[in-house]
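In this text, residue positions in the sequence shown follow my numbering: the first is 1, and each later residue adds one. Everything on this sheet refers to the single structure shown next.
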Amino acid sequence: MPLSLKAIAKLTSLVAMLTIMLTTIVQADPYYTWQMENFAINAPLGGLKGDAARGKQISIAPDKGACLTCHAMPIPEEDFHGTIGPSLIGIASRLSEGELRLRVVDEKQINPETVMPGYYRHPKHFTLVAEDYEGKTYLTAQEVEDVVAYLLTLK
1 MPLSLKAIAK LTSLVAMLTI MLTTIVQADP YYTWQMENFA INAPLGGLKG
51 DAARGKQISI APDKGACLTC HAMPIPEEDF HGTIGPSLIG IASRLSEGEL
101 RLRVVDEKQI NPETVMPGYY RHPKHFTLVA EDYEGKTYLT AQEVEDVVAY
151 LLTLK
């Protein structure tokens with residue numbers, strides 16, 4: 001028995017609504033708790049492995065890491081490099097992987113007066129956040145690990 005146009009429209013609407021709901025669920029990244037020890041987070045967030053090439057792109061992207069806003073970096077193809085924060089050139093020869101991870105996750109653990117955002121600070125610690133960003137971190141755990149992998153190449 002063929003479906004009526006009304007039934008097809010209802011089914012189409014239901015499928016669209018379920019697709020949106022599932023997409024929202026799939027896109028919701030889990031928050032992995034982390035532990036600081038001796039001013040470092042030694043374990044990768046969620047046990048994830050970072051990708052240095054993606055990390056470089058995240059550090060450049062103005063809607064993601066935007067590291068160039070405050071830091072000089074060995075990225076000559078980018079015109080602007082900030083001077084507010086310390087240079088990241090050679091940072092991997094000065095800091096360990098765990099120390100780099102803590103600085104990306106939440107620099108305020110080291111310097112409470114910093115203007116650097118905590119890119120993976122627990123969302124409950126954020127104030128004055130736009131509604132679209134409530135309950136979210138600035139970067140996902142995977143993005144943090146990608147940035148850390150990139151920073152480890154800067155020796």
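Cβ coordinates follow ideal geometry from the N, Cα and C atoms, glycine included.
Relative to the alpha-carbon of residue i, which residue among the options has its alpha-carbon at the smallest distance?
i	options	result
K108	F126, A92, R94, S93	F126
K124	K136, P117, S96	K136
P44	D106, E97, I60, T114	E97
E78	Q142, L95, T140, P62	P62
T140	T114, H71, N38, K49	K49
Y138	Q35, C67, N38	C67
M36	E134, V105, D146	V105
Ends of the alpha helix (DSSP H) at residue i?
i	result
D79	Here D79 belongs to no alpha helix (DSSP H), and DSSP marks it neither H nor E.
A61	Looking at the DSSP string, A61 is not in any alpha helix (DSSP H), and its letter there is neither H nor E.
Q142	141-151
G98	97-106
List the whole-angstrom C-beta distance separating residue i from residue j, where the pair is believed to meet the contact cut-off of C-beta under 8 Å.
i	j	result
P74	L151	Contact flag wrong, Cβ pair sits at about 11 Å.
M116	G82	Incorrect: roughly 11 Å between the Cβ atoms, too far for contact.
A149	A52	4 Å
G65	Y119	7 Å
G55	Y32	No, G55 and Y32 are not in contact; Cβ-Cβ is about 17 Å, not under 8 Å.
R94	V144	So it is not a contact: roughly 19 Å between Cβ atoms.
S59	A72	About 12 Å; that fails the 8 Å criterion.
Any heavy atom of the ligand ZN inside 8 Å of the beta-carbon of residue i?
i	result
K108	The ligand ZN is not part of the structure shown, which contains no ligands of any sort.
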